[in-house]
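Asks:
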Amino acid sequence: MHIEQIRKILGFCPQYDILYDDLSVQEHLELIGK
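Residue numbers (full-length UniProt numbering): 1 to 34.
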């Protein structure tokens, strides 16, 4: 498998709060969705 295929299969579930107080919802989506 290529790394891009693996990334599509795997998910990301952090064990801590990844939200930043100074970012909007839109900014969070843009940051995390990259």
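Note that the Cβ used here is the ideal one computed from N, Cα and C, for glycine as well.
Taking the C-alpha atoms as reference points, what is the distance between Ser24 and Glu30?
Replies: 10 Å
Asks: Can you grab the Cα-Cα spacing for the pair Pro14 / Ile32, in whole Å?
Replies: 12 Å
Asks: Run through DSSP, which three-state label would His28 get?
Replies: helix
Asks: Which class does Lys8 belong to by DSSP, given the choice of helix, strand or coil?
Replies: helix
Asks: Whole angstroms is fine: what's the gap from Asp22's alpha carbon to Ile9's?
Replies: 31 Å
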